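Colleague:
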């Protein structure tokens, strides 16, 4: 290798000596040692890579290998066989870019001298000094940086390329990757971009025009792409769309001059005859320009966007390359990517989302108000935030006129004595030199759903043109108004409008509330379908399924708390106390439940089914934050690389993070989680406790057919045992049945909903034996609240989606692992029942399922037999009459809740707990008859002048109190609040 480099160094120095006047500046001040060091860092030549890789778009294929799409990029590349390229086009490039191409060995000293002389003669740069081989080396391996180091590497690589590739191979590789303007690379892409035809169909005049572009693609592009709204009196050659925006192809005169120069060089070098030259010169090249419409994606854009990101990430991991290199390989490396997309499922999902509102609430056309959202308005119909009255969205008619220009009343804007425009309005605000307009809303014509719109901004050059006064007024200088006469219109009533031509305005808007859904085959981790939003089209749109985290609410409970609990001493029958956990700074209980009371002891199954917040938090507190986080790592929520997840650790932010009971217990997270992450985590429960990395593809091969990635390379984690996963599944089945609005025709399902504060987010995540499906609903602006509940919105839509995608599938049930045990158990203790367990009048002994590590082996130690005074429900004493003494089964908890520490709040099951006092009652007092009462009343009247204290003492005789019915109350400490709670519960 050293000898080879030394030989090349000698060649380079020979060239320097012979042509120092031409390229001496490149090597000035450099030594042979420095050049040698530069070349040591030069990439190794890979002939196959030059010929095939980085020259064509990657393709997406289905599982049978059929091409279904190509990777959409802003750069359009398409490889073409060398034999399909017409000779006129090959000769045109050689003639104008490197006329001695077939004679030199990679660099051409004669051409360098010739180009200098020709440029001097022309008075401008008409010909470059780099050979086609040098340009290929630069386009393949190097950047366009103008440095000595890059030029040395370019020369070295050109010499090396000539050793391994024939001239035809070099020219073919060059023509397939050269930049041709309008984001097109290669002559095939250019031919379709400018003439909407295959390269083989080009005539001589068109071939010369394309060859002329390369010298300066921005100046010599055959047309200028201008937004159609900005076209004035230019000649328009055609129209096309980019990302849904309409552009016009405007005539550009510069390339016609360059085309003439190319034809001159072709004639001079004998590639064409005089007649051919004359015919090509007379051809109207401009009239043949026909901008092509780039094809729309066949695959869902949300899905493809995620696929691209995931492929890049996987290439970085398996090939140990940079992110930029990975994107290059994806876009231009000719990869073949096998998609996991099920087009049938995707079509069904898209069909639901196309009629989202109708699926939820039926026809709402012409409703006149926005359904699905709980909105507050001011007196003018603008949407405000209820808690503080802050304006969120203007009503469209309050900010735009009929021409959709910004409208300002005479009270909001005026011209001062110097003809400056002065504005005092909430419709705009100033950020340095940016005048920003407030957002507005409208109602969708089809379904009355809310649409939110961005009005845009105007960038001013400096604060000499626009500024804000001390009293808050925004001033636009008169000079700007004079220079832009169409900017402002004044009306007879003193009002103004600012023309929309000076800013972008989103008249389409974004429908609200939004939603996203992910469908995963949990057995393989393949993402089968995905929707990242409602009513949005194109590419590069916001993907709410994988890119936008939202707080998960109670949907986090199965994965952050209860799975770990079942592996750490709990079972589905463990009795957990629904009582206040702590008091917040306002001296109010935290957390609270969706109902306004506390139930007392309930089994874990019911706590999960009814989504009891207090129990989730207290259970999490017992198992520990560290244990919960370990499980979230296994569930794929917390990644090894913190930059790849949305979970905020204490190390990342010591003040605001997710290592707390609120975040992990009830889902009040700093950032939140994505629907994709949540769905994949639930997929682990559906897959016998094994997490499989969710991907949009199952295989990647390179341009030579070599396997780069296959499913065996996926990240997998053993989260928990199949038995624990099945227990969670069983509890989630109970939850799904509890919702009473999911019906899958006999197929088993397990689900959990989630709701966040102020009804900002609704979730439902769950699975059947076939797929795991996660759905989220909410407004993009988190100041807007949903109406309804997560059950009648998210769970209902989960049902709709599953009925659609499972249509035609056989009825299926979850398979019970061999290690599952069915046992009778006391559901207040989670232990084996005793006589006292059966003595609980509520029927707390039930059949439950257990795993091999959490089935009960000890007897119930919560229920105890005690003697009570039937008159007041307190513990009986030796003074309690035998006929008033009853035997009862009560609960005695190890860590008994003390109502006195929580504002006297009693749980509903308080009467079933061990009394805290003994009965003070002794023998029963004989009841007085009516005559005795009459006589006593007469005596009282006669003694009315006696001391009142004695009278009060006589009136308070305890023997006159009625006994408390033990059937209705078993604890004298039961208070009025408890009675109200009982009434509420009923």
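Residue numbers (the numbering used here): 791 to 1776.
Beta carbons: idealized from backbone N, C-alpha and C, even for Gly.
Quantities reported herein were computed from a predicted structural model and do not represent experimental measurements.
1. DSSP beta-bridge partners for residue 1039?
2. Can we say the stretch 1094-1113 touches the stretch 1479-1491, given the rule of at least three CB pairs closer than 8 Å?
3. Check this for me: beta carbons of residue 1038 and residue 1016, under 7 Å apart or not?
4. Which residue wins for smallest C-alpha separation from residue 1619, given the options 1524, 1244, 1630?
5. Can you give me the start and stop residues for the alpha helix (DSSP H) that residue 1064 sits inside?
6. Less than 6 Å between C-beta atoms, sequence neighbours within five positions excluded: which residues of the same chain meet that for residue 1156?
7. Starting from residue 1112 and walking both ways along the beta strand (DSSP E), at which residues does that stretch end?
8. Hey, quick one: how far does the beta strand (DSSP E) through residue 1311 stretch, first residue to last?
9. Helix, strand or coil: which one does DSSP assign to residue 1319?
10. By Cβ distance below 7 Å, which residues in the same chain neighbour residue 1208 in space, the five residues on each side in sequence not counted?
11. From 1576, 1538, 1522, 1517, pick the residue whose C-alpha is nearest to that of residue 1545; which is it?
12. Who are residue 1678's beta bridge partners in DSSP?
13. Give the straight-line distance between the Cα atoms of residue 1320 and residue 1683, rounded to the nearest whole angstrom.
14. Along the chain, which unbroken stretches of the beta strand (DSSP E) at least 3 residues long are found entirely within the stretch 1490-1541?
15. For residue 1167, which three-state DSSP category applies?
16. Use the C-beta contact count for residue 1673: other C-beta atoms within 10 angstroms, 16 or more gives buried, fewer gives exposed.
17. Tell me whether residue 858 sits in a helix, a strand or coil according to DSSP, three-state version.
18. Okay, do the stretch 877-884 and the stretch 945-965 touch, 3+ Cβ pairs below 8 Å being the bar?
19. Keeping to the same chain, check which residues put their C-beta closer than 8 Å to that of residue 1598; ignore five residues upstream and five downstream.
20. Which residue or residues does DSSP assign as beta-bridge partners of residue 1380?
21. Please report the straight-line C-alpha distance between residue 1248 and residue 1343, rounded to a whole angstrom.
22. Among 889, 1029, 954, 1005, which has the Cα closest to the Cα of residue 1059?
23. If contact is defined by three or more beta carbon pairs under 8 Å, each pair taking one atom from either stretch, is the stretch 1507-1514 in contact with the stretch 1422-1440?
24. Do you know how far the Cα of residue 1486 is from the Cα of residue 793?
25. Out of curiosity, what's the CA-to-CA distance linking residue 1306 and residue 1595?
26. Please classify residue 1098: does DSSP put it in a helix, a strand, or coil?
27. Mapping the DSSP letters down to three states, classify residue 1221 as helix, strand or coil.
28. Is the Cβ-Cβ distance between residue 1304 and residue 1023 less than 7 Å?
29. Would you check if there are 3 or more beta carbon pairs closer than 8 Å linking the stretch 1368-1379 to the stretch 1403-1410?
30. Which residues in the same chain as residue 1501 place their Cβ atom closer than 6 Å to its Cβ, once the five residues preceding and following it in sequence are excluded?
31. For residue 1144, does the count of other Cβ atoms within 10 angstroms reach 16, so buried, or fall short, so exposed?
32. In terms of alpha-carbon separation, which member of 1126, 1448, 1204 lies closest to residue 1497?
33. Pick out whichever of 1280, 1068, 1332, 1245 has its Cα sitting closest to the Cα of residue 1297.
34. Since residue 1409 is in the alpha helix (DSSP H), which residue starts that stretch and which ends it?
35. For my contact list, residue 1528 and residue 1399 are in at a C-beta cut-off of 8 Å; report their separation, rounded to the angstrom.
36. Which whole-angstrom value describes the C-beta separation of residue 1289 and residue 1277, a residue pair presumed to lie in contact below a C-beta threshold of 8 Å?
Modeller: Result, derived from the coordinates:
1. Taking the first residue of the chain shown as 1, we reach residue 1039 at position 249. DSSP, once it has assigned bridges, lists 1015, 1028 as partnering residue 1039.
2. yes
3. On the chain shown, residue 1038 is found 248 positions in, with the first residue counted as 1. On the chain shown, residue 1016 is found 226 positions in, with the first residue counted as 1. Yes, the Cβ-Cβ distance between residue 1038 and residue 1016 is below 7 Å.
4. Locating residue 1619 in the chain shown gives position 829, counting from the first residue. With distances taken between Cα atoms, residue 1619 lies closest to 1630.
5. Taking the chain shown and counting its residues from 1, one reaches residue 1064 at position 274. 1064-1072 is the span of the alpha helix (DSSP H), which, as asked, contains residue 1064.
6. If you number the chain shown from 1, residue 1156 lands on position 366. If we look at residue 1156 and ignore the five residues flanking it on each side, it has no Cβ neighbours.
7. Residue 1112 sits at position 322 when you count from the first residue of the chain shown. Looking at the DSSP string, residue 1112 is not in any beta strand (DSSP E), and its letter there is neither H nor E.
8. As a first step, residue 1311 is located in the chain shown; it is residue number 521 there, counting from the start. Note, residue 1311: beta strand (DSSP E), 1304-1311.
9. Residue 1319 sits at position 529 when you count from the first residue of the chain shown. Residue 1319: strand per DSSP, three-state reduction.
10. Counted from its first residue, the chain shown places residue 1208 at position 418. So the qualifying residues of the chain are 1268.
11. The sequence position of residue 1545 within the chain shown is 755, counting from 1. Residue 1545 has its Cα closest to that of 1576, out of 1576, 1538, 1522, 1517.
12. By one-based count along the chain shown, residue 1678 stands at place 888. For residue 1678, which the question treats as bridged, DSSP gives the partners 1656.
13. The residue you call residue 1320 lines up with position 530 of the chain shown. The residue you call residue 1683 lines up with position 893 of the chain shown. Approximately 48 Å, taken between the alpha carbons.
14. 1497-1500, 1506-1508
15. The residue given as residue 1167 occupies position 377 in the chain shown. In the structure shown, residue 1167 sits in a strand (DSSP, three-state: E or B).
16. Mapped onto the chain shown, residue 1673 falls at position 883. With fewer than 16 Cβ atoms within 10 Å of its Cβ, residue 1673 is classed as exposed.
17. Here the question's residue 858 lines up with position 68 in the chain shown. Of the three classes helix, strand and coil, the one that applies to residue 858 here is strand, per DSSP.
18. yes
19. Position 808 of the chain shown, counted from the start, is the residue given in the question as residue 1598. Here the set comprises nothing.
20. What you label residue 1380 is simply residue 590 of the chain shown in a count that begins at 1. Paired residue(s): 1372.
21. Looking up residue 1248 in the chain shown gives position 458. Looking up residue 1343 in the chain shown gives position 553. So the two alpha carbons sit approximately 39 Å from each other.
22. On the chain shown, residue 1059 is found 269 positions in, with the first residue counted as 1. Checked all of 889, 1029, 954, 1005; the closest Cα to residue 1059 is 889.
23. yes
24. Translated into positions along the chain shown, residue 793 becomes position 3. Translated into positions along the chain shown, residue 1486 becomes position 696. Unreliable positioning characterises residue 793 in this predicted model, as indicated by a pLDDT of 47, which lies under 50. The coordinate reading is nonetheless provided below. Computed Cα separation, rounded: 49 Å.
25. On the chain shown, position 516 is the one that residue 1306 refers to. On the chain shown, position 805 is the one that residue 1595 refers to. Roughly 16 Å separates the two Cα atoms.
26. The residue you call residue 1098 lines up with position 308 of the chain shown. Reduced to three states, the DSSP call for residue 1098 is helix.
27. Locating residue 1221 in the chain shown gives position 431, where the first residue counts as 1. Three-state result, residue 1221: strand.
28. Within the chain shown, residue 1304 is the residue found at index 514, counting from 1. Within the chain shown, residue 1023 is the residue found at index 233, counting from 1. Against a cut-off of 7 Å, the Cβ pair of residue 1023 and residue 1304 comes out as no contact.
29. yes
30. The residue you call residue 1501 lines up with position 711 of the chain shown. 1488, listed in sequence order.
31. Within the chain shown, the letter at position 354 stands for residue 1144. By the neighbour-count rule (16 or more Cβ atoms within 10 Å), residue 1144 is not buried but exposed.
32. Locating residue 1497 in the chain shown gives position 707, counting from the first residue. Per the Cα distances, 1126.
33. As a working note, residue 1297 is residue 507 in the chain shown. When only C-alpha atoms are compared, the closest one is 1245.
34. Numbered from 1 along the chain shown, position 619 holds the residue referred to as residue 1409. That run of the alpha helix (DSSP H) goes 1403-1413.
35. Taking the chain shown and counting its residues from 1, one reaches residue 1528 at position 738. Taking the chain shown and counting its residues from 1, one reaches residue 1399 at position 609. About 5 Å; that satisfies the 8 Å criterion.
36. Looking up residue 1289 in the chain shown gives position 499. Looking up residue 1277 in the chain shown gives position 487. Contact holds; Cβ gap of about 6 Å.
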